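Novice: So that we are looking at the same thing, I have put the structure below in structure tokens.
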Amino acid sequence: MKSPMLIIRIILAMLMMISVFVCWIHSVKQKNVSGNSVRRLVLGACFVFAFCLLTGSFYQKNKLVESVRTELHQAIERLRYGADSEGGMLCLRAEKAATLYLRGRVGVAYQDSKWSETLPETDKAYDGMIEYLTAHHFYPQNQIASAIRSAEYEANEITIQNRNLSRKYMYIPEAVGLEEMQSDSHQLLDPDRLLPASFRGDETYQFTALGLQGRDEYELAPEEQMTAEEQKCEEIYRSYVYQYYLNIPDDVRKAFDRAPLEMVGGTSQLEVLHSVRSYLKNEEDLNSEAYATKAVLLLRYCNIPARYVEGYRVEYTQPGSKQIVTGRDRHQWAEVYIDGVGFATFETDPAYFAGATDAVKEENGPAALQAEEKDTVTGSPNRKEKWNLSLIITAPFILIILWVIYLKIKKKKRLYSKNMMEFTSFQCIRLEKLLKYDNLIIDIRRPYAYQGKIQERYGRELYLAYIRFIHYTDEVCFNERLLSEREQHEMREILKQFERYVSKQLPPLRRIWIGR
204 MKSPMLIIRI ILAMLMMISV FVCWIHSVKQ KNVSGNSVRR LVLGACFVFA FCLLTGSFYQ
264 KNKLVESVRT ELHQAIERLR YGADSEGGML CLRAEKAATL YLRGRVGVAY QDSKWSETLP
324 ETDKAYDGMI EYLTAHHFYP QNQIASAIRS AEYEANEITI QNRNLSRKYM YIPEAVGLEE
384 MQSDSHQLLD PDRLLPASFR GDETYQFTAL GLQGRDEYEL APEEQMTAEE QKCEEIYRSY
444 VYQYYLNIPD DVRKAFDRAP LEMVGGTSQL EVLHSVRSYL KNEEDLNSEA YATKAVLLLR
504 YCNIPARYVE GYRVEYTQPG SKQIVTGRDR HQWAEVYIDG VGFATFETDP AYFAGATDAV
564 KEENGPAALQ AEEKDTVTGS PNRKEKWNLS LIITAPFILI ILWVIYLKIK KKKRLYSKNM
624 MEFTSFQCIR LEKLLKYDNL IIDIRRPYAY QGKIQERYGR ELYLAYIRFI HYTDEVCFNE
684 RLLSEREQHE MREILKQFER YVSKQLPPLR RIWIGR
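Under this note's numbering, the first residue of the sequence shown carries the number 204, and numbering increases by one thereafter.
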């Protein structure tokens, strides 16, 4: 069954195409097919095409159109938030030494061998869930802070400065304090991450990270210490998580069914987590992205909610001093949902498992990062663009801009031409076109035959200006007199008066073309 938004988009697209067709028919009736109608048709087609690219989910089967639509969204985001660049990415300062996982992008749905930040479709029963939970001081974006607050923890003040990364994401540590979740410096509109509060994103932000002393999140039993209201909120969010964070594609599920996965599983959640890590240790030639992807899919296959995370893993060693986070610190990992606790970090790269030796890190870390980007279970290929989609998108706009600039230069050249015949001829043609915009069809070769219509339509002031305009053209055409600078300026001003008057009567879209 098609969603209501899809039906609305289809209807709007059809209405826009019908409007383009109506403009064409109207132009044919007015016998003006070669001029204004072509521009209207092109403009309408551009609007329909852009609308379908931006919102038309019914075009998803067309991979080229979908790729162009994605590239267009990315170009808009680059203009708004900036883009990633080389060199120092983040500047980090903390009060205590720690291993920090800075969460950035979160993948929740796996399709076509890649992770999406949004779910394809959610039940209407969960509309308004985030607003309800935050109103009751329950924050899905960092629920784990609620579980840690009653345990022994170490608070670590962390300041993060975004230097050369896109500001679309806030790179935040795990277990941010509850007080900061209520801050106005970010938004809580997404259940999986914090969003920048400012339109262009934030460059500097500060958090208090809560770290457990000698334990990990899996050992917590927070439900016993939760209030009735908190338990209700957690149950609502838990049902949402179990409905959407266990989904894996059918082809991946079939591949797992055929694969020998005897070592994956267990009677408890903790046993499953250990078994997945044991399985990953036997995998070779994978990078952090492939490890994280496989781990999330395996966990979901074992009925444990999980999500894919991209960000930075930082070994912060000098308390109180600045540390530059570079591309070498970029990392991917998984987060698993622990009932009553929330999403907790789950390291998936064997090079960084707890207890790994320096030799293992040296052997597996850089090699894993340089391995071919291929998931042996899911068959995820190394993604290389065969088409320069950016050029496909931008080339038409560049051509349109160049065409408009050319018309402006050409118009100005004629308006200030030293050749009086060319000057007056262009002025007359412009006036004739302007009046046609206002549905007043005249033959400029017989200007005096339309004096009555001009006065009736535009009033006495513009009528007198029209008479002076015709008088100057007669002086040039019949008496071959050169107009003075003052007279040429007066003709241009008369044309502007008609332009302003006619543009007020036109719809907004038609006003765009009146100054061509």
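Cβ atoms here follow ideal geometry from the backbone N, Cα and C, with glycine treated the same way. Here the structure is a predicted model, which is why all the values come from computation and not from measurement.
Beta carbon of Glu513, beta carbon of Gly307: below 7 Å?
Specialist: Yes, they are a contact pair.
Novice: I'd like to know if the segment 610-622 and the segment 654-673 are in contact, where contact means that at least 3 CB-CB pairs between them fall below 8 Å.
Specialist: Cβ pair count under 8 Å is below three, so no.
Novice: Quick one: grab the DSSP three-state call for Tyr445.
Specialist: It is helical.
Novice: Taking DSSP as the reference, what is the three-state secondary structure of Leu398?
Specialist: Correct three-state label for Leu398: strand.
Novice: Drop a sphere of 10 angstroms on the beta-carbon of Val607, count the other beta-carbons inside from all chains shown, and report buried for 16 or more, exposed for fewer.
Specialist: Exposed: under 16 other Cβ atoms inside 10 Å.
Novice: Please list, in chain order, all residues of the same chain as Phe626 whose beta carbon is under 6 Å from its beta carbon, the five residues on each side excluded.
Specialist: These residues qualify, in order along the chain: Ser620.
Novice: For Val479 and Val467, which I take to be in contact (beta-carbon distance under 8 Å), what is that distance rounded to the nearest angstrom?
Specialist: Indeed, because the Cβ distance is near 6 Å, the residues count as touching under 8 Å.
Novice: Among Tyr669, Cys680, Tyr304, Met373, which has the Cα closest to the Cα of Glu699?
Specialist: It should be pointed out that residue 699 corresponds to Lys in this sequence rather than to Glu. Among Tyr669, Cys680, Tyr304, Met373, the Cα nearest to that of Lys699 is on Tyr669.
Novice: Exposed or buried, what is Lys234 when buried is set at 16 or more other beta-carbons lying within 10 Å of its beta-carbon?
Specialist: Confidence is the limiting factor: at Lys234 the pLDDT is only 47, short of 50, which leaves the residue's position unreliable, though a coordinate-based value still follows. Exposed.
Novice: Using a Cβ-Cβ cutoff of less than 7 Å, which residues in the same chain neighbour Asp578 once the five nearest sequence positions on both sides are dropped?
Specialist: Low per-residue confidence applies at Asp578: pLDDT is 37, beneath 50, and the placement is therefore not dependable, though the value from the model is reported in the following sentence. Result list for Asp578: Ala493, Thr496, Lys497, in chain order.
Novice: Could you check where the alpha helix (DSSP H) with Glu664 kicks off and where it finishes?
Specialist: Segment 654-680, the alpha helix (DSSP H) holding Glu664.
Novice: So, do the segment 379-386 and the segment 290-302 have three or more beta carbon pairs nearer to each other than 8 Å?
Specialist: Taking 8 Å as the limit for Cβ pairs, the verdict is that the segment 290-302 does not touch the segment 379-386.
Novice: With distances taken Cα to Cα, identify the nearest neighbour of Asn365 among Lys484, Gln385, Lys525.
Specialist: It is Lys525.
Novice: With DSSP collapsed to three states, give me the class of Val475.
Specialist: Correct three-state label for Val475: helix.
Novice: Beta-carbon within less than 6 Å of Phe546's beta-carbon, same chain only, minus the 5 sequence neighbours each way: which residues are those?
Specialist: Contacts found: Glu538, Tyr540.
Novice: Starting from Tyr515, trace the beta strand (DSSP E) in both directions and tell me its first and last residue.
Specialist: Its beta strand (DSSP E) spans residues 509-519.
Novice: Going by other Cβ atoms of all chains shown within 10 Å of its Cβ, with 16 needed for buried, is Asp315 buried or exposed?
Specialist: Exposed.
Novice: Counting only the same chain and skipping the five closest in sequence on each side, list residues whose C-beta sits under 6 Å from that of Ile657.
Specialist: Tyr666, Tyr669.
Novice: Measure the alpha-carbon distance for Glu334 versus Gln434 and round it to whole angstroms.
Specialist: So the alpha carbons of these two residues sit roughly 17 Å apart.
Novice: Quick one: any contact between the segment 639-646 and the segment 686-695, if contact means 3 or more CB pairs under 8 Å?
Specialist: The segment 639-646 vs the segment 686-695: no contact.
Novice: Taking the straight line between their C-alpha atoms, what separation do you get for Val311 and Thr321?
Specialist: Between Val311 and Thr321, the C-alpha separation is close to 6 Å.
Novice: For Thr302, which residues in the same chain have their Cβ closer than 8 Å to its Cβ, ignoring the five residues on either side in sequence?
Specialist: Excluding sequence neighbours, Thr302 sits near Arg516, Val517, Glu518, Tyr519.
Novice: Using 8 Å for Cβ pairs, my map puts Glu437 next to Phe341. What's the rounded Cβ distance?
Specialist: Between Phe341 and Glu437 the Cβ distance is about 7 Å, and since that is below 8 Å, they are a contact.
Novice: For Ser186, count neighbouring C-beta atoms within 10 Å of its own C-beta (all shown protein chains included) and say buried if the count is 16 or more, exposed if not.
Specialist: Because the chain in this structure spans residues 204 to 719, residue 186 falls outside the shown range and cannot be described.
Novice: Need the endpoints of the beta strand (DSSP E) that Ala493 sits in, please.
Specialist: Counting along the chain, Ala493 falls outside any beta strand (DSSP E), though it belongs to the alpha helix (DSSP H) covering 491-504.
Novice: Is Gln390 closer than 7 Å to Ala400 when the C-beta atoms are compared?
Specialist: Yes, they are a contact pair.
Novice: Out of Val544, Pro343, Trp536, point me to the one whose CA is closest to Pro553's CA.
Specialist: Answer by Cα proximity: Trp536.
Novice: Can Ile347 and Val475 be called in contact, C-beta distance under 7 Å?
Specialist: Not closer than 7 Å, so no.
Novice: Between which two residues does the alpha helix (DSSP H) holding Arg649 run?
Specialist: No alpha helix (DSSP H) contains Arg649, which DSSP labels as neither H nor E.
Novice: Quick check: what's the CA-CA separation for Asn585 versus Pro463?
Specialist: Bear in mind that the predicted position of Asn585 carries a pLDDT of just 38, short of 50, making it too unreliable to give a figure here.
Novice: State yes or no: is the C-beta of Ala412 within less than 7 Å of the C-beta of Pro452?
Specialist: No. Outside cutoff.
Novice: Quick one: residues in its chain with C-beta nearer than 7 Å to the C-beta of Ile645, no 5 flanking neighbours on either side, listed in chain order?
Specialist: Once the five neighbours on either side are set aside, the close Cβ partners of Ile645 are Glu635, Leu638, Tyr653.
Novice: Identify which residue in Thr273, Val309, Tyr356 has its Cα closest to the Cα of Arg203.
Specialist: Look at the range of the chain in this structure, 204 to 719, and you will see that residue 203 is not part of it.
Novice: In chain order, which alpha helix (DSSP H) runs of at least 4 residues are fully inside the segment 347-386?
Specialist: Runs found: 347-351, 381-384.
Novice: Taking the alpha helix (DSSP H) that Ile458 belongs to, which residues open and close that run?
Specialist: Contrary to the premise, residue 458 reads as Ala rather than Ile in this sequence. It spans 453-461 - the alpha helix (DSSP H) in which Ala458 sits, taken as one unbroken run.
Novice: List the residues that DSSP assigns as beta-bridge partners of Arg296.
Specialist: Its beta-bridge partners are Thr362, Lys525.
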